[in-house]
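A short worksheet on the structure shown next.
The following block contains the structure:
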């Protein structure tokens, strides 16, 4: 599952089953980058529910205090499992929480691909050239349930339909067509290749052997 995706080769250090657990890990990696003077920038992703965890506040404080090259990206899809952010957060503006630590922050429309890109470029420049952290709140929406077993009874069909009108893929496609960068034929070809790539990945997973029993305790320390 998504909790087990990891690639040292690509410097992608996995998903985490503990809500917000990756925030501390990412902050530590940013400290290592600064200590080693490697010039690397850490990008740490989490949802708005993780903002309610203590590790979020502890990490932001340390990152600002030590001037760490990290970008905290909060993908705020407005629901933590079945709980809306209005029921779980005293303030709905996640980006502003960074101001408690005098940290640079931005609120970004997560449905606008280019707006997200531009905000990320600014944050990368700040991290790489000034060794300063940034908190980006990328406001989006979760179209599907939290899992296959989630019927989504806590929200209305009208609410979902309203946000589906701003599907970021459709909006980006339309903007590229207006700019005459992409045609419908081009888009169809991209969709087909994406579907084929997914099918190849599923086939590879289905046909891969299970680990042997001898590997059961590999890398298990506690």
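Residue numbers (the numbering used here): 341 to 562.
Virtual Cβ for every residue (Gly too), placed ideally from N, Cα, C.
Please read these numbers as outputs of a predicted model, since none were measured by experiment.
- Between the alpha carbons of residue 416 and residue 365 lies a distance of about 20 Å.
- For residue 367, the enclosing alpha helix (DSSP H) covers residues 361-376.
- The segment 369-376 and the segment 413-428 do not touch, with fewer than 3 CB-CB distances between them shorter than 8 Å.
- Put simply, the backbone Cα of residue 553 is about 38 Å away from that of residue 391.
- For the pair residue 451 and residue 506, the CB atoms are nearer than the 8 Å cut-off.
- For residue 381, the closest alpha carbon among the candidates 387, 388, 389, 371 is that of 371.
- The Cβ atoms of residue 343 and residue 357 lie closer than 8 Å to each other.
- Taking C-alpha positions only, residue 494 is separated from residue 424 by approximately 8 Å.
- In terms of CA proximity to residue 409, 463 leads the group 517, 463, 561.
- In the three-state scheme derived from DSSP, where H, G and I count as helix and E and B as strand, residue 562 is classed as coil.
- Along the length of the segment 444-512, whole alpha helix (DSSP H) runs at least 4 residues long occupy 453-470, 497-504, reported in chain order.
- Rounded to whole angstroms, the gap between the alpha carbons of residue 433 and residue 387 is 13 Å.
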